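See structure below.
Residue numbers (our numbering): 169 to 525.
This is how it looks when you write it as C-alpha cells:
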C-alpha cells in the first residue's frame, strides 16, 4: 500500500501530464509559431468593393483554408482621389502564395462572405511575407446575376448618363425653339440684346393662327356674302339684258340693210355707194356684236363659277378690291346698256339719216 507521499506524487504527475497534453492541443490548434514552420504574415487585398468581407472571414487558396481576414478599411487614393476598400488578411505560417494568384471577394447566396485566392503555377515567385504584399481582387458573381450582366449594367449606366447629358442639350434647344414668343414681343425687343426673344416655331404658329382666324371671320361675314351674291346676280342680269339688246341691234341693222337696199335700187349708183358703206358698217357692227356676245358668255360662265365658289376667283371672292372692281364694272355695263337703248330708240323714232353726195 502506497504511502501518502507516493500517492500525492502520482496525482501531481498525472495532473502535469494532463496539463501538458492540453497545452499541446491548444498550441497545435492555434498554429502557434513554435509548432509551425515560420511565422504568419499579412497580405493586403485591394478592391473597389469589399463585398461584405469582415474580420474573421475565411481565406482560401484553391479551396484550401490558409488564413482569415483581420480588418477591412476604406482608403482614398492620394493621387486620383478614388475611394477603394482594403482587406487585410493574415496568412498562416508556412503557406506560400504565388505572385500570379488572383483574388476574388465573394458572398455566398445564403451564408457569409469569403476571400478566395486562385493560382495555377506554383513554381514562380511568391508573395512577400514581410507584410508588404498587395493583391488586387475582383468581385465574384453573386450566383443570381452573372458578373457579365453586372458589368453590362454598369457600362449601360455610364452610356445612359452620357445620353442624358446630350438629351439635356437637345431639350434646351427645343425649349428655345418652342418658347412662346408673340410678334408683338419681337417688335418690342431690342435687337442688340442677347437675351431678346427670337422668332421661332411658336411665333410662326401664332401668325398662321391669326391669319386663319381673319380669313374665317371674312368668309363668315353675312353682309359681305350678301354683297358678293348681289354683285354676281347683277352681273348675270346685266349680261342677259345686254345680249337681248345686242340681238335687237342686229335685227334693226338687218332691217335697215333691207330698206337701204331697196332704196339703193331706186336711186341708182348713189344708193349703191351708200349701201356699200352701210354694208361695211354692218359687218363691223356684227363683228363687234359677236365679240360682245362672246365676252358676255365668258362673263356669264365666270360669274356662275364665282357664285359657286369654283376656281381662283371663287376663292378670292372676299377680296375687297374685287368687290369694288365688280361694282364699277356693273355700273359701266349698265351705262352702256342705257346708251344703246337710247340709240336704238332714236333709230326707231327718227330712222337712219344718210347724206348722199
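Where a beta carbon is used, it is the ideal one built from N, C-alpha and C, also for glycine. All figures in this text were calculated on a predicted structure; none of them were measured in a lab.
Three or more Cβ pairs drawn from the region 216-223 and the region 278-289 lie within less than 8 Å of each other, which places the two stretches in contact. Counting other Cβ atoms within 10 Å of its Cβ, residue 271 reaches 16 or more and is therefore classed as buried. Going by beta carbons, residue 374 and residue 350 fall inside the 8 Å limit.
About 6 Å separates the Cβ atoms of residue 237 and residue 255, confirming a contact at the 8 Å cut-off.
Where residue 270 is concerned, the enclosing beta strand (DSSP E) starts and stops at 270-275. The beta carbon of residue 251 is closer than 7 Å to those of 242, 244 in its chain, skipping five residues each way along the sequence.
Residue pairing by DSSP places residue 228 opposite 233, 284 in a beta bridge. Contact check between the region 257-268 and the region 291-305: three or more CB pairs, one atom from each, fall below 8 Å, which counts as touching. Leaving aside the five residues that flank residue 367 on each side, the residues in its chain whose CB is nearer than 8 Å to its CB run, in chain order, 349, 354. In this structure, residue 301 and residue 211 form a Cβ contact; the two beta carbons are roughly 5 Å apart against a cut-off of 8 Å. Of the candidates 517, 412, 274, 258, 258 places its Cα closest to the Cα of residue 209.
According to the DSSP secondary-structure assignment, residue 244 is paired through a beta bridge with 251. Secondary-structure assignment with DSSP links residue 304 through a beta bridge to 214. For residue 353, the enclosing alpha helix (DSSP H) begins and ends at 351-356. Taking all protein chains in view, the Cβ of residue 235 is crowded by 16 or more other Cβ atoms within 10 Å, so the residue is classified as buried. Around the beta carbon of residue 400, 16 or more other beta carbons lie within 10 angstroms, which makes this residue buried. Taking 8 Å as the cut-off, the Cβ atoms of residue 285 and residue 269 count as close. Non-local C-beta neighbours of residue 194 in its own chain, meaning closer than 6 Å and more than five positions away in sequence, are absent. In this structure residue 336 is exposed. Its beta-carbon is surrounded by fewer than 16 other beta-carbon atoms within 10 angstroms. In this structure, the alpha-carbon of residue 407 lies about 18 Å from that of residue 510. Residue state for residue 239 is assigned as strand, using DSSP reduced to three classes.
Counting only residues of its own chain and dropping the five nearest sequence neighbours on each side, residue 240 has a CB closer than 8 Å to the CB of 218, 221, 222, 223, 253, 254, 255, 256. It is roughly 37 Å from the alpha-carbon of residue 370 to the alpha-carbon of residue 394. Residue pairing of residue 257 in beta bridges, as defined by DSSP: 211, 237. When rounded, the separation of the alpha-carbon atoms in residue 352 and residue 409 is 53 Å. One alpha carbon belongs to residue 397, the other to residue 378, and they sit about 27 Å apart. Looking at the DSSP output, residue 266 sits in a beta bridge with 294.
Straight across, the Cα-Cα distance linking residue 362 with residue 321 is about 43 Å. Listed in chain order, the alpha helix (DSSP H) runs fully inside the region 325-394 are 351-356, 369-387, counting runs of at least 4 residues. For a cut-off of 8 Å, the C-beta gap from residue 229 to residue 287 is around 7 Å, short enough to register as a contact. In the three-state reduction of the DSSP assignment, residue 402 falls in the helix class, which pools H, G and I.
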